[in-house]
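Below: one structure, written as structure tokens.
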Amino acid sequence: MSHLIYVCDDDSHIVRAISMKLRKAGFEVECFPDGFACWENMQVRAPQMIITDLQMPRMNGLELCGKIRDFPATRTIPITLLTGKGFEFDHDEYMESLKINNVMVKPFSPKKLLTQVQESLNLTNDVIG
Numbered sequence: 604m605s606h607l608i609y610v611c612d613d614d615s616h617i618v619r620a621i622s623m624k625l626r627k628a629g630f631e632v633e634c635f636p637d638g639f640a641c642w643e644n645m646q647v648r649a650p651q652m653i654i655t656d657l658q659m660p661r662m663n664g665l666e667l668c669g670k671i672r673d674f675p676a677t678r679t680i681p682i683t684l685l686t687g688k689g690f691e692f693d694h695d696e697y698m699e700s701l702k703i704n705n706v707m708v709k710p711f712s713p714k715k716l717l718t719q720v721q722e723s724l725n726l727t728n729d730v731i732g
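Take 604 as the starting number for the sequence shown in the numbering used here and just add one per residue.
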């Protein structure tokens, strides 16, 4: 059984790059243009991991992370937050308060993201694509 990962970002180029890398490595991927769409789908089928952008319309990444952590059924899902804000964003504060597993600053290496996903899901012995 492959692991389901939700990718949530309003930039279609980033979504395409991430989803291609993850699918090639054997993951099942569902993509959403904003946090609201991602949250709605989580009510039907929760993923094993979420990769979300910080800045999106309707519901941003921090709001999505807050909902995920407040809901008992999704509280422990690993989350990687993507941000284009770099050092303007206080990573440590949000990583602690929202229990965000990783923060990656754009631009990032899809290979490095894949390695981080495998580590978050304890799949480090699996083949890295």
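Virtual Cβ for every residue (Gly too), placed ideally from N, Cα, C.
Asked, Found
"Beta-carbon proximity list for Lys-702, same chain, < 7 Å, skipping 5 on both sides", "Arg-672"
"Pair within 9 Å by beta-carbon distance, Leu-657 and Gly-629", "no"
"Residue ranges of each alpha helix (DSSP H) within the region 651-715, 4 or longer", "664-673, 694-700"
"Nearest candidate by alpha-carbon position, reference Asp-612, set Ile-682, Met-707, Asn-644, Gly-638", "Gly-638"
"Inter-stretch contact (C-beta, 8 Å, three-pair minimum) for the region 640-650 and the region 613-628", "no"
"Cutoff 8 Å; reference Leu-716; Cβ partners in own chain excluding five residues on either side", "Ile-621, Lys-624, Ile-654, Thr-683, Met-707"
"DSSP-derived helix/strand/coil call for Phe-635", "strand"
"Neighbour-count burial assignment, Asn-725, 16 or more Cβ in a 10 Å radius", "exposed"
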